[in-house]
Each structure stands twice: as C-alpha cells, then as structure tokens.
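**Student:** Residue numbers (UniProt numbering): 1 to 191. Glycine included, C-beta positions come from ideal geometry on N, C-alpha and C.
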C-alpha cells in the first residue's frame with residue numbers, strides 16, 4: 001500500500017502516511033528486502049513461486065515499452081499507452097508480492113487441514129471432530145461429544161502449529177483456539 005492510499009484510508013496527510021510507512025519498514029527491516037527481491041525476480045522471470053512452488057505468471061512485467069522513451073515527441077504522443085503500461089506494471093508488482101504471501105498462506109492452511117485430519121484419524125479420542133469450514137487461515141470443526149472438546153482442541157492446535165515443517169519454514173505458527181456452542185459465542189481458550 002502506498003502513502004496516498006494509506007493517507008486516504010486513515011484520513012491523514014500523505015506526509016504523515018509516509019512517516020508511518022517508513023517507521024514500519026524501519027522496525028521490520030526484512031520486509032523492504034523481501035518486496036525488492038520479489039519484484040526484481042518477478043521482472044526477471046515474469047512469474048513468482050509460492051513456498052511450495054506454485055507459479056503465478058505475471059505477463060504485464062514482460063512489457064518493455066514502458067522503459068523505451070526515445071524522444072520527447074514520441075513520449076507525449078504515446079503518454080496514455082505508457083501510462084497504461086505503468087499502471088499494469090505496478091499492479092503486477094503488487095500482485096507478485098501479494099501472491100507469494102497469500103498463496104503461501106493458502107498452502108499452509110491446506111497442509112494444516114491434512115495434518116489435523118491425519119492427527120484426528122490416528123488419535124484414540126472418543127467421538128469425532130469434523131471439519132465444517134475453511135476460511136482463509138481458519139479451520140472450524142464440529143466436535144462431539146462435548147467431553148472430547150479439550151482433547152481434540154489440543155490435538156488440532158498441535159497439528160496446525162507444526163505445519164511449517166512441511167513448507168521448510170522455521171518460524172512459529174501460533175494457533176488461537178476458540179470454542180463455543182455456535183459461531184457468535186466463541187471464546188478463546190488457552191489449552
């Protein structure tokens with residue numbers, strides 16, 4: 001997100017928005033390097049890959065015409081085309097970064113579903129834990145009987161938080177566990 005969009009969303013000046021962005025990037029120093037490396041790789045290869053190697057093609061990054069201004073007259077005559085190319089390229093650059101993050105997160109969530117399913121299948125817990133919904137990074141289970149909720153909950157948390165090993169990532173994957181009789185009454189638990 002650029003300073004113009006952030007300023008608009010927070011109803012602040014662009015200068016203040018840029019200070020927020022700069023402060024964020026100074027705290028999380030690896031983010032700018034990740035963005036720069038990702039965009040550079042996407043331009044070079046015309047595609048990106050998620051953690052598990054799924055490919056997203058970015059054909060707009062293969063457009064060379066945005067960089068080839070030979071004269072002021074040609075530039076002014078072709079401005080709208082160059083402007084369209086510029087917007088297509090910057091959009092593809094944002095897509096490159098977002099696709100790696102969101103695509104990899106989706107892969108991790110799917111691997112978590114498999115890990116939980118395997119753990120539940122091999123567990124000797126009375127009753128059942130049935131996957132009801134997968135939404136973004138959340139897995140929602142129906143568990144029966146109520147007396148097995150804690151056992152299944154601990155098992156689900158452990159299986160989900162260990163999913164990183166299937167993706168070659170060595171960062172913690174914390175899992176928040178919530179329980180309740182329905183979705184509007186869910187309460188976070190610490191076990």
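Taking the continuous beta strand (DSSP E) assigned at residue 178, which residues delimit it?
**Tutor:** By one-based count along the chain shown, residue 178 stands at place 178. Segment 177-179, the beta strand (DSSP E) holding residue 178.
**Student:** Within a Cβ cutoff of 7 Å, which residues of the same chain sit near residue 161, ignoring the five residues on either side of it in sequence?
**Tutor:** In the chain shown, residue 161 corresponds to position 161, counting from 1. Here the set comprises 173, 174 and 175.
**Student:** Give the straight-line distance between the Cα atoms of residue 44 and residue 95, rounded to the nearest whole angstrom.
**Tutor:** Stepping through the chain shown from its first residue, residue 44 is reached at position 44. Stepping through the chain shown from its first residue, residue 95 is reached at position 95. In a straight line, the C-alpha of residue 44 is about 15 Å away from that of residue 95.
**Student:** If you drop the 5 nearest sequence neighbours on each side, which residues of the same chain put their C-beta closer than 7 Å to that of residue 13?
**Tutor:** Working through the chain shown from its first residue, we reach residue 13 at position 13. 7, listed in sequence order.
**Student:** I'd like to know whether the C-beta atoms of residue 109 and residue 134 end up nearer to each other than 8 Å.
**Tutor:** Here residue 109 refers to the residue found at position 109 when the chain shown is read from its first residue. Here residue 134 refers to the residue found at position 134 when the chain shown is read from its first residue. Closer than 8 Å, so yes.
**Student:** From the DSSP output, in three-state form, read off residue 132 for me.
**Tutor:** Reading the chain shown from its first residue, position 132 is the one you call residue 132. Residue 132: strand per DSSP, three-state reduction.
**Student:** With burial defined as no fewer than 16 other Cβ atoms inside 10 Å of the residue's Cβ, what is the status of residue 31: buried or exposed?
**Tutor:** Residue 31 sits at position 31 when you count from the first residue of the chain shown. When all chains shown are included, residue 31 counts as exposed.
**Student:** For residue 196, which residues of its own chain have a beta-carbon under 6 Å away from its beta-carbon, when the five flanking residues on both sides are left out?
**Tutor:** As displayed, the chain neither begins before 1 nor continues past 191, which places residue 196 out of reach and without an answer.
**Student:** Could you round the C-beta distance between residue 149 and residue 179 to whole angstroms and report it? I think they count as a contact, below 8 Å.
**Tutor:** Translated into positions along the chain shown, residue 149 becomes position 149. Translated into positions along the chain shown, residue 179 becomes position 179. With a Cβ gap of about 6 Å, residue 149 and residue 179 count as contacting.
**Student:** Return the residue from the list 119, 23 and 97 that minimises the CA-CA distance to residue 56.
**Tutor:** Taking the first residue of the chain shown as position 1, residue 56 is located at position 56. The option with the nearest alpha carbon to residue 56 is 97.
**Student:** Does the beta-carbon distance from residue 153 to residue 183 come in below 8 Å?
**Tutor:** Within the chain shown, residue 153 is the residue found at index 153, counting from 1. Within the chain shown, residue 183 is the residue found at index 183, counting from 1. No.
**Student:** Is the CB-CB distance between residue 146 and residue 132 below 8 Å?
**Tutor:** Mapped onto the chain shown, residue 146 falls at position 146. Mapped onto the chain shown, residue 132 falls at position 132. In this structure, residue 132 does not lie closer than 8 Å to residue 146 by Cβ.
**Student:** Figure out for me which residue from 125, 126, 50 and 36 has the closest Cα to the Cα of residue 90.
**Tutor:** For the purposes of this step, residue 90 is taken as the residue at position 90 of the chain shown. Nearest option by C-alpha distance: 36.
**Student:** Return the first residue and the last residue of the alpha helix (DSSP H) that residue 45 is part of.
**Tutor:** The residue labelled residue 45 in the question sits at position 45 within the chain shown. From DSSP, the alpha helix (DSSP H) with residue 45 extends over 29-45.
**Student:** Around the C-beta of residue 140, are 16 or more other C-beta atoms found within 10 angstroms, so that it is buried, or is it exposed?
**Tutor:** Numbered from its first residue, the chain shown carries residue 140 at position 140. It is exposed - the Cβ of residue 140 has fewer than 16 other Cβ atoms within 10 Å.
**Student:** How big is the Cα-Cα spacing for residue 42 and residue 25?
**Tutor:** Within the chain shown, residue 42 is the residue found at index 42, counting from 1. Within the chain shown, residue 25 is the residue found at index 25, counting from 1. When rounded, the distance between both Cα atoms is 21 Å.
**Student:** With residue 155 as the anchor, note down where its alpha helix (DSSP H) starts and where it stops.
**Tutor:** For this step, residue 155 is matched to residue 155 along the chain shown. Segment 149-161, the alpha helix (DSSP H) holding residue 155.
**Student:** Per DSSP, residue 187 is paired with what?
**Tutor:** In the chain shown, residue 187 corresponds to position 187, counting from 1. Answer is 179.
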